[in-house]
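**Student:**
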Amino acid sequence: MTITTLVPKAVASRSRNVVKRLGLTAAAVAAPLVLVGNANAQSFSIDAAPIVSVITGAVTTVSAIGVAVLSLVVVIRLFKWVQRVL
């Protein structure tokens with residue numbers, strides 16, 4: 098297998114450029130350091146229930162404000178339309 102079959106071409110070309118620029122020893126030292134960060138990764142989950150309850154509680158307030166703004170826009174347009182006719 099070649100490196101191009103395992104990773105995208107852009108990543109492979111950047112890797113080759115690093116090897117050319119820094120030398121093989123620097124690349125050999127840096128490669129394990131990249132894997133060390135992922136080796137210690139722990140999985141975690143976020144409890145979405147409080148977030149969902151806050152959003153659900155805010156829906157009525159937001160929709161009431163939206164209806165009020167929309168009603169105000171309609172009233173202003175109707176007023177201008179009636180004013181133009183008279």
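Under the working numbering, residue 183 is the last one in the sequence shown; the count climbs by one each step, no gaps.
Heads up, the beta-carbon is just placed ideally off N, CA and C, and yes, glycines get one too.
Remember, it's a predicted structure, so these values are computed and weren't measured experimentally.
1. Helix, strand or coil: how does DSSP classify Ala145 here?
2. Determine the DSSP secondary structure at Ser140, reduced to helix, strand or coil.
3. Indicate the three-state DSSP secondary structure (helix, strand or coil) for Val170 in the structure shown.
4. Could you name the residues of the same chain whose beta carbon sits closer than 8 Å to that of Val151, not counting the 5 residues immediately before and after it, in chain order?
5. With DSSP as the reference, label Leu183 as helix, strand or coil.
**Tutor:** Straight from the coordinates:
1. Reduced to three states, the DSSP call for Ala145 is coil.
2. Correct three-state label for Ser140: coil.
3. Here Val170 sits in helix by DSSP.
4. So no residue of the chain qualifies.
5. Looking at Leu183 - three-state DSSP - the assignment turns out to be coil, as it is neither helix nor strand.
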